[in-house]
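Asker: Residue numbers (the working numbering), protein chains in the order written: chain H, 68 to 383; chain F, 1431 to 1754.
Even for Gly, the Cβ is constructed at its ideal location relative to N, Cα and C.
None of these values were measured; they are calculated from a predicted model.
Right, I'll just put the structure down here and ask away after.
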Amino acid sequence: MLKLIGRRLLYLLPVLLAVSVLTFLVAALLPGDMAEVLLGDQATPETLAALRHDMGLDQPLLVRYFIWLGHVLQGDFGRSFRTGQTVLSAVAERLPISLELMLGAQLIGLSIGIPVAIICAVRQGSWFDRTMTGGAFGMLSVPSFLSAILLIWLFAVQFQILPATGYTPFSEDPWANLRGFVLPALTLALGEWPVIMRVLRSDMIATLQEDFIAMARAKGLKQSRILLVHALKPSSLTLVTVTGINIGRLIGGAVIVETIFAMPGIGRLLVTAIYSRDLMMLQGVVLLVASGFVMLNFIVDLLYATLDPRIRHGRG
Amino acid sequence: MSLLEVENIIVDLPTPRGMLRAVDGVDLTLEAGKTLGVVGESGSGKTMLSRAILQLLPRKAKLSGAIRFDGQDMTRIPAETLRKLRAKSVAVVFQDPMTSLNPVLTIGTQLTETMREHLGVSQSEAISRGIALLAEVGIPSPEQRMGNYPHQLSGGMRQRVAIAIALSCAPKLLIADEPTTALDVTVQAQILDLLAREQRSRHMAMMLITHDLGVVAGRTDEVAVMYAGRVVERAPTRELFHHMRMPYTAALLAALPKLDAPPHTRLPAIGGRPPDPINPPPGCAFAPRCIYADPGCDNAKPPLSAPDARSHQFACIKPLPVAA
């Protein structure tokens, strides 16, 4: 097991290096630069050039990359050109919000998706299965801004039981903090559970055909034990993969939901950085999020080994 | 009262082409402590018959007839009662131990869960009984094996584990569905001998399902030969091998390789294919492939009966003559 972890960690190094190159290139390829944004339309070419020289933007791309990489390796991700705040402190400020949102969404998504998938697989072809499979497909095609507006209308306007927008830090008022997260997390979950449900349902249907399930029935085990112990575990590999990808995607990708519900998360930090050509911030955030994504998939790989002993023992 | 009484079992499976009659009116009885061999080609309905007795038919299958176990009709008792009876009444060993053991659970878990469920023993009691069972079925260092996963064992060892699981709640009837087909030839005999030994020492009834007449010879009290969903010949094992009456049984035996045959001898395979179970022929299902058949066989569907000897039944209007 330790050898496996070590080997996978070694694979991560080239991946992370590639991520840093791509991040840097994408940021550098954005049209317009920081100097133009800061000085505005009226700037003369001389003042622009002077500012670019001060900021090191006149150096060749390769030199700029290695300078940046050198700083990053020492833990210095640079500062925002715009606000002067360090990239690390900006991310540290926003990340808990995005993480809480993502965790909430996954929790709701999994707690809807898993039970529905199990029932659908057991009662394959029943009216419940057909309704849920069709419903899930419909849900997938509803854009998140639409479900967000519908949820706000229902829970904040009609019933007035949840706040429509706004974020309260957990340290200030835990209850208000949690209440604020319900609607945005639910909005994201509405797009997540259909995926979870469809993936698990089809794997579960395949597992239920297996001889070892017939064997478990012949052993007279309780239906709950057959489904949750004998069938769910071997059916959950794809589910773990999908959940891992979704979690990574949601950390930086919940821009629309963060905007609608006025949540100051990573997604909004990123979009602001793009609009204001805040290169240091942009590069830093993308690199951190991408590294998080890579680490997450590393954890998913380890989870495979926990779920399936054949992977753990280097076979199958 | 016999331990197992199967009465006119009919199993229909829906297929896209229409209803498939997998088992077509089978009657069987099995006394406590006795062994019955069920022999037939693939598709003869022997596995579906065993699934019907185990109440493990696919959900869409239609079953009619009665399956009385200890006088109780298994087809009519509530699901929860049936679940509690399982493992203690009828246990099963499937064909392929690679697929019949759960790949993500340890041997110990799969062995102890049945005892925990049905015998009401504590976890530590179940573990020590499990270790004793593994030792009994011939698994070396059973304590360590309890923590292993199925893929860490060889095929023969896995089948021994499956047998230990089946025996764990002391069933009155063990159904072994082709228990050696997926195994290496060298371990087949070991597994069959293990089953026979356990069957005798536990005074347990056993139904040994196989496509190989050689497997049932000498290991069963009685043999039922199945063809196209029906039992076509049934007799005490000795009687069957000495006086085969049904041409199909004889053809099945002839298709076995003989050790004393000269090299390059062609096996006398049974010509033709088994009948289409969705549109079965009106007469004897074996008639189109039978070398003794005459036009009368295409219309007659003889019942399983014993015209001369009481214990030897066959379903044929042109039986082989009784050998002198």
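Hey, could you find the ends of the alpha helix (DSSP H) P251 of chain H is sitting in?
Answerer: Counted from its first residue, the first sequence places residue 251 of chain H at position 184. Looking at the DSSP string, the run of the alpha helix (DSSP H) that includes P251 of chain H is 241-275.
Asker: In terms of residues, what are the limits of the alpha helix (DSSP H) holding E113 of chain H?
Answerer: For this step, residue 113 of chain H is matched to residue 46 along the first sequence. Counting along the chain, the alpha helix (DSSP H) containing E113 of chain H begins and ends at 112-122.
Asker: What residue from H:R149, H:K70, H:H138 has the CA that sits closest to E103 of chain H's CA?
Answerer: Indexing the first sequence from 1 puts residue 103 of chain H at position 36. Checked all of H:R149, H:K70, H:H138; the closest Cα to E103 of chain H is H:R149.
Asker: Whose Cβ in chain H lies nearer than 8 Å to the Cβ of T1544 of chain F?
Answerer: Translated into positions along the second sequence, residue 1544 of chain F becomes position 114. In chain order: K286, G287, L288.
Asker: Using the DSSP secondary-structure output, state which residues sit across from V1456 of chain F in a beta bridge.
Answerer: In the second sequence, counting from the first residue as 1, residue 1456 of chain F sits at position 26. V1456 of chain F is bridged to F:I1439.
Asker: Check the C-beta distance from D368 of chain H over to R75 of chain H and give it rounded, since I have them as a contact under 8 Å.
Answerer: In the first sequence, the residue the question calls residue 368 of chain H occupies position 301. In the first sequence, the residue the question calls residue 75 of chain H occupies position 8. Indeed, because the Cβ distance is near 6 Å, the residues count as touching under 8 Å.
Asker: Evaluate the contact criterion for the stretch 1708-1728 of chain F versus the stretch 1739-1754 of chain F: three or more CB pairs, one atom per stretch, below 8 Å.
Answerer: Yes: at least three Cβ pairs fall under 8 Å.
Asker: Does W135 of chain H pass the burial test, meaning 16 or more other C-beta atoms within 10 Å, or should it be called exposed?
Answerer: Here residue 135 of chain H refers to the residue found at position 68 of the first sequence. With 16 or more other Cβ atoms within 10 Å, it is buried.
Asker: Note the first and the last residue of the continuous alpha helix (DSSP H) segment covering R1664 of chain F.
Answerer: The count along the second sequence starts at 1 and reaches residue 1664 of chain F at position 234. From DSSP, R1664 of chain F is part of no alpha helix (DSSP H) but of the beta strand (DSSP E) over 1660-1666.
Asker: Can you give the Cα-Cα distance for A203 of chain H and D278 of chain H, rounded to whole angstroms?
Answerer: Stepping through the first sequence from its first residue, residue 203 of chain H is reached at position 136. Stepping through the first sequence from its first residue, residue 278 of chain H is reached at position 211. Distance between the alpha carbons of A203 of chain H and D278 of chain H is about 30 Å.
Asker: Run through the stretch 1600-1669 of chain F for me and flag every whole beta strand (DSSP E) of 3 or more residues, listed as ranges in chain order.
Answerer: For the stretch 1600-1669 of chain F, whole beta strand (DSSP E) runs of length 3 or above, ordered along the chain, are 1603-1607, 1635-1640, 1652-1657, 1660-1666.
Asker: Excluding five sequence neighbours on each side, which residues of the same chain lie with their C-beta closer than 6 Å to the C-beta of A357 of chain H?
Answerer: Residue mapping note: residue 357 of chain H aligns to position 290 of the first sequence, counting from 1. Closer than 6 Å at the Cβ level, and outside the excluded window around A357 of chain H, lie V86.
Asker: Does the separation of the CB atoms of P301 of chain H and H1581 of chain F fall below 9 Å?
Answerer: Reading the first sequence from its first residue, position 234 is the one you call residue 301 of chain H. Reading the second sequence from its first residue, position 151 is the one you call residue 1581 of chain F. No, these two residues do not count as a Cβ contact at 9 Å.
Asker: Going straight from the alpha carbon of I323 of chain H to that of F212 of chain H, what length do you get?
Answerer: On the first sequence, residue 323 of chain H is found 256 positions in, with the first residue counted as 1. On the first sequence, residue 212 of chain H is found 145 positions in, with the first residue counted as 1. Spanning the two alpha carbons is a distance of roughly 7 Å.
Asker: Restricting to Cα atoms, I'd like to know which of H:F222, H:F91, H:G320, H:T200 is closest to S269 of chain H.
Answerer: Position 202 of the first sequence, counted from the first residue, corresponds to residue 269 of chain H. It is H:T200.
Asker: Count the other CB atoms within 10 Å of the CB of H1694 of chain F; is the residue buried (16 or more) or exposed (fewer)?
Answerer: Here residue 1694 of chain F corresponds to residue number 264 of the second sequence, with the count starting at 1. It is exposed - the Cβ of H1694 of chain F has fewer than 16 other Cβ atoms within 10 Å.
Asker: Output, in chain order, the set of chain F residues within a Cβ distance shorter than 7 Å of R377 of chain H.
Answerer: One-based indexing of the first sequence puts residue 377 of chain H at position 310. Ordered by position in chain F, the residues that pass the 7 Å Cβ test against R377 of chain H are P1533, H1581.
Asker: Thinking C-alpha only, which one of F:V1520, F:S1741, F:G1448 is nearest P1707 of chain F?
Answerer: Locating residue 1707 of chain F in the second sequence gives position 277, counting from the first residue. If we check each option's Cα against that of P1707 of chain F, F:G1448 comes out closest.
Asker: State yes or no: is the beta carbon of A100 of chain H nearer than 9 Å to at least one beta carbon in chain F?
Answerer: Sequence index remark: in the first sequence, residue 100 of chain H carries index 33 (1-based). According to the sequence provided, residue 100 of chain H is Asp. The question's Ala does not apply to it. Chain F contact via Cβ: absent.
Asker: Going by DSSP, name the residue or residues bridged to R161 of chain H.
Answerer: Residue 161 of chain H sits at position 94 when you count from the first residue of the first sequence. Answer by DSSP bridge pairing: none, since R161 of chain H is not bridged.
Asker: By how many angstroms is the C-alpha of V1645 of chain F removed from the C-alpha of R1696 of chain F?
Answerer: As a first step, residue 1696 of chain F must be located in the second sequence, where it is residue number 266. As a first step, residue 1645 of chain F must be located in the second sequence, where it is residue number 215. When rounded, the distance between both Cα atoms is 22 Å.
Asker: How is L1450 of chain F classed by DSSP in three states: helix, strand or coil?
Answerer: Translated into positions along the second sequence, residue 1450 of chain F becomes position 20. In this structure, L1450 of chain F counts as strand in the three-state DSSP scheme.
Asker: Quick one: list the residues of chain F neighbouring K70 of chain H, beta-carbon separation under 9 Å, in chain order.
Answerer: Counting from one through the first sequence, the residue named residue 70 of chain H turns up at place 3. Going along chain F, no residue has its Cβ under 9 Å from K70 of chain H, so there is no contact; the nearest lies around 17 Å.
Asker: Alpha helix (DSSP H) containing I1561 of chain F: first to last residue?
Answerer: By 1-based counting over the second sequence, the position of residue 1561 of chain F is 131. Residues 1553-1566.
Asker: Of all Cβ atoms in chain H, is any one closer than 9 Å to the Cβ of I1595 of chain F?
Answerer: One-based indexing of the second sequence puts residue 1595 of chain F at position 165. So, interface residue.
Asker: For V1520 of chain F, which residues does DSSP report across the bridge?
Answerer: Position 90 of the second sequence, counted from the first residue, corresponds to residue 1520 of chain F. According to DSSP, which records beta bridges pairwise, V1520 of chain F is partnered with F:L1603.
Asker: Using three-state DSSP, classify S1494 of chain F as helix, strand or coil.
Answerer: Indexing the second sequence from 1 puts residue 1494 of chain F at position 64. Strand at S1494 of chain F.
Asker: In chain F, what lies closer than 7 Å to D278 of chain H by C-beta?
Answerer: Numbered from 1 along the first sequence, position 211 holds the residue referred to as residue 278 of chain H. Those are F1524, D1526, T1529, S1530, listed as they occur along chain F.
Asker: Straight-line CA distance for G383 of chain H to V266 of chain H?
Answerer: In the first sequence, counting from the first residue as 1, residue 383 of chain H sits at position 316. In the first sequence, counting from the first residue as 1, residue 266 of chain H sits at position 199. Note that G383 of chain H has pLDDT 40, beneath the 50 cutoff, so the model's placement of it is unreliable and the number below is only indicative. Going from the Cα of G383 of chain H to the Cα of V266 of chain H covers about 21 Å.
Asker: Is the shortest distance between the beta-carbon of L1486 of chain F and the beta-carbons of chain H less than 9 Å?
Answerer: Taking the second sequence and counting its residues from 1, the one referred to as residue 1486 of chain F is at position 56. Chain H contact via Cβ: present.
Asker: Under 8 Å: do the stretch 1654-1668 of chain F and the stretch 1495-1504 of chain F share three or more Cβ pairs, one atom per stretch?
Answerer: No: fewer than three Cβ pairs fall under 8 Å.
Asker: From this set, H:G171, H:D345, H:F328, which residue's C-alpha is nearest Y234 of chain H's C-alpha?
Answerer: Numbered from 1 along the first sequence, position 167 holds the residue referred to as residue 234 of chain H. The shortest C-alpha separation from Y234 of chain H is found at H:F328.
Asker: Can you have a look at L217 of chain H and say buried or exposed, based on whether 16 or more other CB atoms are within 10 angstroms of its CB?
Answerer: Counting from one through the first sequence, the residue named residue 217 of chain H turns up at place 150. So L217 of chain H counts as exposed.
Asker: Three or more beta-carbon pairs under 8 Å between the stretch 155-166 of chain H and the stretch 329-336 of chain H, yes or no?
Answerer: Segments in contact, yes.
Asker: Please identify the residue among F:M1637, F:P1601, F:D1690 whose C-alpha is closest to the C-alpha of D1460 of chain F.
Answerer: Taking the second sequence and counting its residues from 1, one reaches residue 1460 of chain F at position 30. Residue identity differs from the one stated: residue 1460 of chain F is Leu in this sequence, not Asp. Among F:M1637, F:P1601, F:D1690, the Cα nearest to that of L1460 of chain F is on F:M1637.
Asker: To the nearest angstrom, how far is it from the Cα of L89 of chain H to the Cα of F365 of chain H?
Answerer: Numbered from 1 along the first sequence, position 22 holds the residue referred to as residue 89 of chain H. Numbered from 1 along the first sequence, position 298 holds the residue referred to as residue 365 of chain H. Those two C-alpha atoms are separated by around 20 Å.
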